Every structure is written in C-alpha cells, then in structure tokens.
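*Asks:* One structure is given below, represented as structure tokens, and several questions about it will come after.
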Amino acid sequence: MSEQVRDMFSDISAEYDLLNDVLSFGRHRCWKNKFVKNIKLPNDGKHLDVATGTGDIAELVVKKYGMKTEIIGVDFSESMIIKARFRKNSKYVNLDFQTGDATDLKYPDNYFDSVSISFGIRNIPSLVKAIEEMGRVIKPGGLLAIMEFGTPSQPFNIIYKFYSKYLIPNIGKIMTGNDFAYKYLPETIKKFPYGEEFKKIVISTNIFSDIKVSKMDFGAVFAYYCTKK
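For the sequence shown, my numbering begins at 4 and goes up steadily by one.
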C-alpha cells in the first residue's frame with residue numbers, strides 16, 4: 004500500500020468516525036451490526052479484524068462473544084491504532100490493537116477461528132495476496148468475512164454516482180482539510196470489483212469451499228462470507 008494512502012488515513016484518523024456517520028447518514032452502523040451478526044465464533048474463539056481502523060468492528064465482535072475470546076484488530080496506520088486504543092472500553096482486556104500489514108500477517112497458520120475486513124480490502128493493491136494471507140491464518144472450517152462497497156442497482160445508482168462524485172469529496176475536504184482523501188474514496192469504489200466478480204476472485208485462491216454473498220442498501224454494500232476448506 005502506498006505511503007500516500009497510509010499518510011492519508013493517518014491524517015484523517017481524528018475525524019474518521021464522525022465522517023463515517025456523516026457520509027453514510029449513519030448507515031454504516033447498521034451495515035456493521037448486520038455484518039458482525041453473521042460472524043460465527045466459539046465462546047473461547049480467536050478473531051482477527053484486518054484494516055480495523057478505529058476498531059469498531061473488533062469491539063462489536065467482543066461485545067457479541069464476550070470476555071473468553073481473543074480479539075485482535077490490525078491496521079497499517081499507527082494513527083488509527085492509537086485512536087482505536089484510545090476509544091476502546093477498558094473492560095475489554097481480551098481486545099488488542101496492533102499495527103500490521105494485511106499481506107504479511109504476523110500470526111501462525113490456522114490460528115484464528117474467523118477473520119474480518121470491512122471497507123478496507125479495496126485499499127490493498129495486492130488483492131489476491133491479501134485474501135490468501137487472511138486465509139492462511141484461519142483454521143480449516145473457519146470464516147473470512149469481507150464487507151466492501153458496491154454500486155446500487157437502478158434507479159438508485161444515478162443518485163449514488165452523483166453523491167459519490169460531487170458531494171463526498173467536498174464534504175470530506177470541508178471536514179478534514181484533506182483534498183486527496185475523499186476524492187480517493189469514490190475513485191476506489193468505482194474501480195473495485197463487487198458481487199459475482201469479486202466472488203470469482205476469492206474462488207480463484209482455491210482456499211475457500213463455500214462463499215455466500217449478501218448485499219445491503221440495493222447493492223451499495225456487499226458482504227462476503229467465505230468458509231475455509
């Protein structure tokens with residue numbers, strides 16, 4: 004991942020949570036809650052959240068599965084990890100945040116019961132390598148859960164494209180002062196494969212035996228639940 008993208012996420016880390024609320028009209032919370040409900044984890048299981056950002060998915064997982072689990076959130080941005088540690092509820096002693104690279108995870112093979120990545124995989128240039136690396140650290144029969152943006156079906160895509168092209172960059176710039184960050188967001192969404200096209204990429208790794216695809220908000224968001232062979 005480029006240094007420019009790393010610096011961008013570090014630069015917007017302070018406003019990141021507020022921006023997610025504003026730019027999604029609060030919908031990201033519904034998407035994430037639904038996403039986590041479909042992650043199955045034993046009561047004493049291990050879960051890794053990749054590209055964890057400020058840690059909201061990791062915290063939702065620990066809230067759902069309790070204190071006997073081991074939950075780790077990793078992100079390539081040190082500033083995001085600092086924010087995640089700051090906002091973490093101190094009672095979650097089984098939740099840890101670490102800096103890490105999605106294409107070079109520092110964990111043993113077959114270590115985690117499940118791995119998640121939400122709204123982060125499109126930022127990784129080596130897409131297949133990241134999927135393979137996340138698959139490597141999952142136990143056989145475990146789950147890789149991926150959530151990412153798509154493009155809504157007609158007629159909603161017309162409104163969505165206008166919002167993405169014109170409003171997101173301007174709102175993002177006003178709130179963060181970062182001109183690059185929220186031009187980058189719609190550009191990566193537009194280029195990233197989704198739905199059946201993304202499913203084919205996951206299948207090509209030959210790591211997963213079953214891949215379920217779920218879409219939310221008419222296809223604005225897709226979730227992929229991939230069971231390791």
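Just so you know, even glycine gets a beta-carbon here, dropped at the ideal spot from N, CA and C. As the structure is a prediction and not an experimental result, all values here were calculated from the model.
What are the complete alpha helix (DSSP H) segments, minimum 4 residues, inside the stretch 122-151?
*Replies:* Runs found: 130-139.
*Asks:* Skipping 5 residues on each side, what residues in its chain have a beta carbon closer than 6 Å to that of S16?
*Replies:* So the list reads S82, M83 and K86, once near-sequence residues are dropped.
*Asks:* With a cut-off of 8 Å, do at least 3 Cβ pairs link the stretch 213-232 to the stretch 146-154?
*Replies:* These segments touch.
*Asks:* Skipping 5 residues on each side, what residues in its chain have a beta carbon closer than 7 Å to that of A61?
*Replies:* Taken in chain order, the residues that qualify are D52, T55, I74, G76 and L98.
*Asks:* If you scan the stretch 55-88 from start to end, which runs of the beta strand (DSSP E) of 3 or more residues do you find wholly inside it?
*Replies:* Qualifying beta strand (DSSP E) stretches, in chain order: 73-78.
*Asks:* Can you give me the start and stop residues for the alpha helix (DSSP H) that F165 sits inside?
*Replies:* Start and end: F159 to F165.
*Asks:* Measuring CA to CA, which of G144, P158 and N173 is closest to S212?
*Replies:* Ranking G144, P158 and N173 by Cα distance to S212 puts G144 first.
*Asks:* If you run the structure through DSSP and keep just helix, strand and coil, what is L51?
*Replies:* Here L51 sits in strand by DSSP.
*Asks:* Going along the chain, which residues of its own chain have a beta-carbon closer than 8 Å to the beta-carbon of S207, five neighbours each way excluded?
*Replies:* Excluding sequence neighbours, S207 sits near V131.
*Asks:* Any idea what DSSP makes of K193, helix, strand or coil?
*Replies:* Looking at K193 - three-state DSSP - the assignment turns out to be helix.
*Asks:* Shortest alpha-carbon distance to S27 belongs to which of A148, N126 and F122?
*Replies:* The shortest C-alpha separation from S27 is found at F122.
*Asks:* Just reading off the alpha helix (DSSP H) that I206 is part of, what are its end residues?
*Replies:* Here the alpha helix (DSSP H) through I206 covers E199 to S207.
*Asks:* Tell me, to the nearest whole angstrom, how far the beta carbon of K231 is from that of G138; I am working on the premise that it is less than 8 Å.
*Replies:* That belief holds up - the Cβ atoms of K231 and G138 are roughly 6 Å apart, short of 8 Å.
*Asks:* Classify V140: buried if its beta carbon has 16 or more other beta carbons within 10 angstroms, exposed otherwise.
*Replies:* It counts as buried.
*Asks:* Short check: CB of L44 to CB of M178, under 9 Å?
*Replies:* The answer is no: Cβ separation not under 9 Å.
*Asks:* Using only alpha-carbon positions, find the residue among D78, K49 and S80 that is nearest to V65.
*Replies:* Looking at the Cα atoms, K49 is the closest of the given residues.
*Asks:* With I210 and E135 assumed to form a contact (beta carbons below 8 Å), what rounded beta-carbon distance in angstroms separates them?
*Replies:* With 8 Å as the limit, I210 and E135 qualify as a contact, their Cβ atoms being about 7 Å apart.
*Asks:* Take every Cβ of the stretch 28-35, pair it with every Cβ of the stretch 86-95, and state whether three or more of those distances are shorter than 8 Å.
*Replies:* Touching, no, given that fewer than three Cβ pairs across the two stretches are closer than 8 Å.
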